[in-house]
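For the sequence shown, full-length UniProt numbering assigns the number 1 to the initial residue and increments by one for each residue that follows.
Glycine included, each C-beta is placed from N, C-alpha and C at the ideal position.
Since the structure is predicted, the reported quantities are computational estimates derived from the model, not experimental observations.
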Amino acid sequence: MQNTIRIIGIDPGLRRTGWGIIDTLSNSLKFVASGTVTSDGEMDLASRLCQLHDGLADIVHAHKPDEAAVEQTFVNKDAVATLKLGQARGIAMLVPARAGLPVSEYAPNAVKKAVIGVGHGEKQQIHMMLKILMPKAEFKGDDAADALAIAICHAHNRGGHRMRQALAG
């Protein structure tokens, strides 16, 4: 007998970190919740990271996921922005890890391929496929939608991903 697995997908960002939670049983996906944790851009970096940490910790505590998936950082031309994104991503990985969850990482193209079938696509395509895959899904904004897509990517890849991590470990 299989058990339902609750997955939290996290789309890290310093201003807005999206989160999405799904339940998966075999090939079935069920929307649970989604949203965005924000930080105050007027505050210093350390305080903003604390806001992200505390907001995500509250979400993990409230919804009690079994596994987490985080989008990998892409490198852009602005080194300072990339570094700040990396710090927010560290928070996105730390919170579920501190809660005892296994944390997997996925490249943006892998997430898009899992949801829309190709590695490159527009945000609107992701939104449309989320509504097809989970008609009851509710998400406000791209960050929450992306987080749900990350959770779906993990649901589709979790067995093989864990095996690759064990072999590499």
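(1) Residues bridged to Ala-155 by DSSP?
(2) Going by beta-carbon coordinates alone, are Gly-13 and Ser-34 separated by less than 9 Å?
(3) Using DSSP with H/G/I as helix, E/B as strand and the rest coil, what is Ser-39?
(4) Just the Cα atoms here: how many angstroms apart are Ser-39 and Leu-85?
(5) Which same chain residues, not among the five before or five after His-154, have their C-beta less than 6 Å away from its C-beta?
(6) Quick one: grab the DSSP three-state call for Ala-149.
(7) Measure the C-alpha to C-alpha separation of Val-111 and Ile-152 and round it to an integer number of angstroms.
(8) If we require 4 or more residues per run, which alpha helix (DSSP H) segments fall completely within the stretch 121-150?
(9) Under 8 Å: does the beta carbon of Ala-62 sit that close to some heavy atom of the ligand ADP?
(10) Count the other CB atoms, across all protein chains shown, that sit within 10 Å of the CB of Glu-67; report buried if there are 16 or more and exposed otherwise.
(11) Of the residues Asp-143, Ala-81, Lys-140 and Phe-31, which one's Cα is nearest the Cα of His-63?
(12) Drop a sphere of 10 angstroms on the beta-carbon of Ser-74, count the other beta-carbons inside from all chains shown, and report buried for 16 or more, exposed for fewer.
(13) What residue from His-53, Asp-23 and Pro-96 has the CA that sits closest to Leu-148's CA?
The structure says:
(1) Paired residues: none, contrary to the question.
(2) no
(3) In the structure shown, Ser-39 sits in coil (DSSP, three-state: anything other than H, G, I, E or B).
(4) 13 Å
(5) Ile-7, Ala-69 and Ser-104
(6) helix
(7) 8 Å
(8) 123-133
(9) Inclusion of the ligand ADP in the displayed structure is not the case, the ligand content being empty and no account of it being possible.
(10) Flag for Glu-67 reads buried.
(11) Put simply, of Asp-143, Ala-81, Lys-140 and Phe-31 the residue whose alpha carbon is nearest the alpha carbon of His-63 is Phe-31.
(12) This sequence places Phe at residue 74; Ser is not what is there. The residue is exposed, with fewer than 16 neighbouring Cβ atoms inside 10 Å.
(13) Among His-53, Asp-23 and Pro-96, the Cα nearest to that of Leu-148 belongs to Asp-23.
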